[in-house]
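Residue numbers (this note's numbering), protein chains in the order written: chain A, 1 to 200; chain B, 1001 to 1144.
All C-beta atoms, glycine included, are put in the ideal place defined by N, C-alpha and C.
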Amino acid sequence: MMRAGGISIALLPLMLAGCAGPSLLLLDNEDGSTEGALAVIDEGCGNPDGSTIAGSFTRTKLSGCAPRPKGVGQGGLKPDERSLINDLPPPPARFTMYFIPDTTVLAPGSEGMINALAEHFKARPGAELEIIGYTDTVGKAEYNLTLSQKRADEIKERLVELGFPPEVITTTGRGETELRFPTPDETENGGNRRVEIIVR
Amino acid sequence: MKCALLVTFSLLAMTAQPAWADIGRVKKSAGIASIERKGARVNPAVGTALLPGDVLVTGKGGQIAVSFADNTRFSVGPNSRIAVDKFDFDRTTRSGTFETRVERGSLGVVSGQIAKSRRDAMKVRTPTSLLGVRGTRFIISVPE
Chain A
1 MMRAGGISIA
11 LLPLMLAGCA
21 GPSLLLLDNE
31 DGSTEGALAV
41 IDEGCGNPDG
51 STIAGSFTRT
61 KLSGCAPRPK
71 GVGQGGLKPD
81 ERSLINDLPP
91 PPARFTMYFI
101 PDTTVLAPGS
111 EGMINALAEH
121 FKARPGAELE
131 IIGYTDTVGK
141 AEYNLTLSQK
151 RADEIKERLV
161 ELGFPPEVIT
171 TTGRGETELR
181 FPTPDETENG
191 GNRRVEIIVR
Chain B
1001 MKCALLVTFS
1011 LLAMTAQPAW
1021 ADIGRVKKSA
1031 GIASIERKGA
1041 RVNPAVGTAL
1051 LPGDVLVTGK
1061 GGQIAVSFAD
1071 NTRFSVGPNS
1081 RIAVDKFDFD
1091 RTTRSGTFET
1101 RVERGSLGVV
1111 SGQIAKSRRD
1121 AMKVRTPTSL
1131 LGVRGTRFII
1141 SVPE
């Protein structure tokens, strides 16, 4: 008996180390704002809304239903945590190009954007492109949906001609939805006749 | 022992997904690293497309960085197993569901459009808990 007790005490620190357990380190948002949060939402916890974990630079042990975040401060990150953050892919980049009314022809000022995009693409390993076409509110919504898709396809074609691999490019048309400059219907607006390109 | 039992518990949730759904791409990888896909191993070269159900695996000194179609970004640390159990994303409505399992190791995350689309549309499972992501940047660590 005595001996068995001695062994389990000796093993205890080892078992605890092996059981250091899952944890969460909540950081700030990339723009420095602090609105981020997670929640423990296990059904067994009987809390349908989940137990919220909020607060930038906090560390929380992930066990049980009532998380208790502890502040660590910006300097409280371990070296391996810092390198994890540094190794995240860069945030997506956005490019916008504008069009001549009712065409898939780029406005003169947007021509140069094609080369800027090509340069950016080369500098970004494993990059992929999402091209989203839009129109202003002149014309019928269905017509504009088609026109916006054609604008996106036109830019894809130009990029493929420049040597972009077609398999990394997706195109979508959103017509006269999500206006960049809200206008009434049947309103010409150069800022709304556009494609937005997301590079990730 | 208890911990080990908990770790090996959650292999049930692999829903069938269309094989063509390219959900993200590898942006960087280093050291011992691979993608497990349907029992096979795929080399995570830069530009490799990810599919739902893929498991990102790293060994000593290994690292994988991934961007997803909804702009979520992952950074997988060494000695890790991260399963992307579910990823559905509708590019038009910018909504979907995203479920990741951190079996061991470490995962850095910047959440994207799915997490913004609906409460708890993005979930992360660890051996001891299920988390709903409500839009932010964070690290999950699951020591062995």
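- Could you tell me if Arg1125 of chain B is buried or exposed, where buried requires 16 or more neighbouring beta carbons within 10 angstroms of its beta carbon? So Arg1125 of chain B counts as buried.
- What's the gap between the Cα of Lys1086 of chain B and the Cα of Gly109 of chain A? Rounded to the nearest angstrom, the gap between the Cα atoms of Lys1086 of chain B and Gly109 of chain A is 42 Å.
- Exposed or buried, which one is Pro165 of chain A when buried takes at least 16 other CB atoms within 10 Å? Pro165 of chain A is exposed by the Cβ-count criterion.
- Return the residue from the list A:Asp42, A:Thr183, A:Gly71 that minimises the CA-CA distance to Ser63 of chain A. Taking only the C-alpha atoms, the option nearest Ser63 of chain A is A:Asp42.
- Query: Are the Cβ atoms of Thr199 of chain A and Arg124 of chain A separated by less than 8 Å?
  - Reply: Just to set this straight, residue 199 of chain A is Val in the shown sequence, not Thr. Yes; because the gap between Cβ atoms is below 8 Å, this pair is in contact.
- Task: For Leu24 of chain A, count neighbouring C-beta atoms within 10 Å of its own C-beta (all shown protein chains included) and say buried if the count is 16 or more, exposed if not.
- Result: Buried, because 16 or more other Cβ atoms sit within 10 Å of the Cβ of Leu24 of chain A.
- Task: Have a look at Val1133 of chain B and Val1109 of chain B and give me their C-alpha separation to the nearest angstrom.
- Result: Between the alpha carbons of Val1133 of chain B and Val1109 of chain B lies a distance of about 10 Å.
- Task: Please compile the residues from chain A whose C-beta is within a distance smaller than 8 Å of the C-beta of Ala1121 of chain B.
- Result: Those within 8 Å of Ala1121 of chain B in chain A number zero; the least Cβ separation is about 12 Å.
- Message: Looking at chain A, is there any beta carbon in it that lies within less than 8 Å of the beta carbon of Gln1063 of chain B?
- Response: Closer than 8 Å to some Cβ of chain A, the Cβ of Gln1063 of chain B qualifies, so yes.
- Query: Within 10 angstroms of its Cβ, does Ser33 of chain A collect 16 or more other Cβ (buried), or is it exposed?
  - Reply: A residue is called buried once 16 or more other Cβ atoms fall within 10 Å of its Cβ, and Ser33 of chain A, having fewer, is exposed.
- Item | Residue interval of the alpha helix (DSSP H) (run including Phe121 of chain A) | That run of the alpha helix (DSSP H) goes 111–122.
- Message: Measuring alpha carbon to alpha carbon, tell me which residue in A:Thr58, A:Glu119, A:Thr177, A:Ala37 is nearest Gly50 of chain A.
- Response: Taking only the C-alpha atoms, the option nearest Gly50 of chain A is A:Ala37.
- Look up Ala152 of chain A in the DSSP assignment and say whether it is helix, strand or coil. Here Ala152 of chain A sits in helix by DSSP.
- Message: Does any residue of chain B have a CB that is nearer than 8 Å to the CB of Ile197 of chain A?
- Response: It does not; no Cβ of chain B falls within 8 Å.
- Going by other Cβ atoms of all chains shown within 10 Å of its Cβ, with 16 needed for buried, is Val105 of chain A buried or exposed? Counting every other CB atom within 10 Å of its CB across the protein chains shown gives Val105 of chain A a total below 16, marking it as exposed.
- Query: Would you say Ser1117 of chain B faces chain A, with C-beta separation under 8 Å as the test?
  - Reply: No, its Cβ sits nowhere closer than 8 Å to a Cβ of chain A.
- Query: Do the segment 1042–1060 of chain B and the segment 146–155 of chain A make contact, defined as three or more Cβ pairs closer than 8 Å?
  - Reply: With contact defined as three or more Cβ pairs closer than 8 Å, the segment 1042–1060 of chain B and the segment 146–155 of chain A are not in contact.
- Item | Unbroken alpha helix (DSSP H) run spanning Leu84 of chain A, endpoints | Here the alpha helix (DSSP H) through Leu84 of chain A covers 79–86.
- Message: By DSSP's criteria, Thr60 of chain A is part of a beta bridge. Which residues make up the other side?
- Response: The partner list for Thr60 of chain A (beta bridge, DSSP) reads A:Leu24.
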